[in-house]
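J.: Dropping a structure here in structure tokens format, bear with me for questions.
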Amino acid sequence: MARPREFDRTRALQCAMLAFWECGGYDQTSVSQLTEAMGISSPSLYAAFGSKRDLFDEAVELYAQRPGTPLTLALTEPTAYEFASRLLDAAIVDCTKRSQPKGCLVNTDPLLVDRRDNGHAVIAKRLARAVDEGDLPTSADPKTLAEYLIIVVNGLSARARDGVTRRELRAVAANVMAAWPRT
Numbered sequence: 030m031a032r033p034r035e036f037d038r039t040r041a042l043q044c045a046m047l048a049f050w051e052c053g054g055y056d057q058t059s060v061s062q063l064t065e066a067m068g069i070s071s072p073s074l075y076a077a078f079g080s081k082r083d084l085f086d087e088a089v090e091l092y093a094q095r096p097g098t099p100l101t102l103a104l105t106e107p108t109a110y111e112f113a114s115r116l117l118d119a120a121i122v123d124c125t126k127r128s129q130p131k132g133c134l135v136n137t138d139p140l141l142v143d144r145r146d147n148g149h150a151v152i153a154k155r156l157a158r159a160v161d162e163g164d165l166p167t168s169a170d171p172k173t174l175a176e177y178l179i180i181v182v183n184g185l186s187a188r189a190r191d192g193v194t195r196r197e198l199r200a201v202a203a204n205v206m207a208a209w210p211r212t
């Protein structure tokens with residue numbers, strides 16, 4: 030008969046997510062760092078999660094499901110300007126919270142290009158709707174504007190990891206929004 034688990038799987042997954050996030054992603058996080066963070070042994074990790082990659086995939090899904098993610102918050106805004114402004118500010122807040130690692134897990138890991146591409150598609154679709162509704166000029170290219178926002182968010186995330194303050198990041202976002210296209 031198999032022995033029951035001696036740890037809380039949900040809590041261990043949360044700890045693994047934080048370890049991947051803090052260390053900079055899949056390749057930068059060792060199994061020993063994970064087991065230390067999770068408070069379990071390597072055999073327990075593999076028994077509960079299958080593999081390091083399976084654990085990473087679950088941790089990324091947990092990360093993506095956190096309440097109040099920047100893109101989720103921004104999508105509630107009625108105009109393209111407010112959407113872009115909220116996306117940048119929510120990303121700044123998320124990347125600089127004291128209660129979690131700095132930066133963004135999805136933006137740091139090469140394995141997550143599909144998630145980043147999905148985010149680009151969601152942003153581009155929102156901005157295309159803004160063009161269709163007359164909220165952005167017809168000359169605005171939604172895909173290019175989406176790429177612009179993603180590049181800025183990635184830069185904000187990287188600088189947050191480097192210790193740049195929320196105030197300094199917001200000054201950058203204000204400059205970005207000063208250049209935002211208007212009808």
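Numbering (my numbering), first residue to last: 30 to 212. Positions of the beta carbon are idealized from the N, C-alpha and C atoms, including for glycine.
Can you tell me whether Pro-72 is buried or exposed, with buried defined as 16 or more other CB within 10 angstroms of its CB?
T.: Exposed is the call here.
J.: Can you tell me whether Trp-209 is helix, strand or coil according to DSSP?
T.: Coil.
J.: Hey, which unbroken runs of the beta strand (DSSP E) at 3 residues or more fall wholly within the stretch 36 to 98?
T.: Taking only runs of at least 3 residues, no beta strand (DSSP E) segment lies wholly in the stretch 36 to 98.
J.: Look at the Cβ atom of Gly-163, then the Cβ atom of Thr-108, and state whether they are nearer than 8 angstroms.
T.: It is not a contact, given that the beta carbons lie outside the stated cut-off.
J.: Compare the Cα-Cα distances from Pro-171 to each of Val-193, Pro-139, Leu-141, Pro-210 and report the closest residue.
T.: Cα-wise, what sits closest to Pro-171 is Pro-210.
J.: I'd like to know whether the C-beta atoms of Ala-77 and Ala-48 end up nearer to each other than 8 angstroms.
T.: Their beta carbons are not under 8 angstroms apart, which means Ala-77 does not touch Ala-48 by this criterion.
J.: Helix, strand or coil for Ser-168, going by three-state DSSP, please let me know.
T.: It is coil, neither helix nor strand.
J.: Tell me the rounded alpha-carbon separation between Val-142 and Asp-56.
T.: The straight-line gap from Cα to Cα measures roughly 14 angstroms.
J.: Quick check: the Cα distance between Ala-93 and His-149, rounded to an integer number of angstroms?
T.: If I take the Cα positions, the gap works out to 15 angstroms.
J.: Which residue from Gly-54, Arg-190, Phe-36, Ile-180 puts its Cα closest to that of Arg-127?
T.: It is Arg-190 whose Cα lies nearest to the Cα of Arg-127.
J.: Are the Cβ atoms of Ser-59 and Gly-132 separated by less than 8 angstroms?
T.: Taking 8 angstroms as the Cβ cut-off, Ser-59 and Gly-132 do not qualify as a contacting pair.
J.: To the nearest angstrom, how far is the alpha carbon of Arg-196 from that of Pro-139?
T.: In a straight line, the C-alpha of Arg-196 is about 29 angstroms away from that of Pro-139.
J.: Apply the 10 Å Cβ neighbour rule to Ile-180 and answer buried if 16 or more other Cβ atoms are within range, or exposed otherwise.
T.: The residue is exposed, with fewer than 16 neighbouring Cβ atoms inside 10 Å.
J.: Report the three-state DSSP secondary structure of Leu-140 (helix, strand or coil).
T.: The answer is helix: DSSP assigns Leu-140 an H, G or I state.
J.: With H, G and I counted as helix, E and B as strand and the rest as coil, what does DSSP make of Pro-127?
T.: In the sequence as presented, Pro is not what sits at residue 127; that position holds Arg. It is coil, neither helix nor strand.
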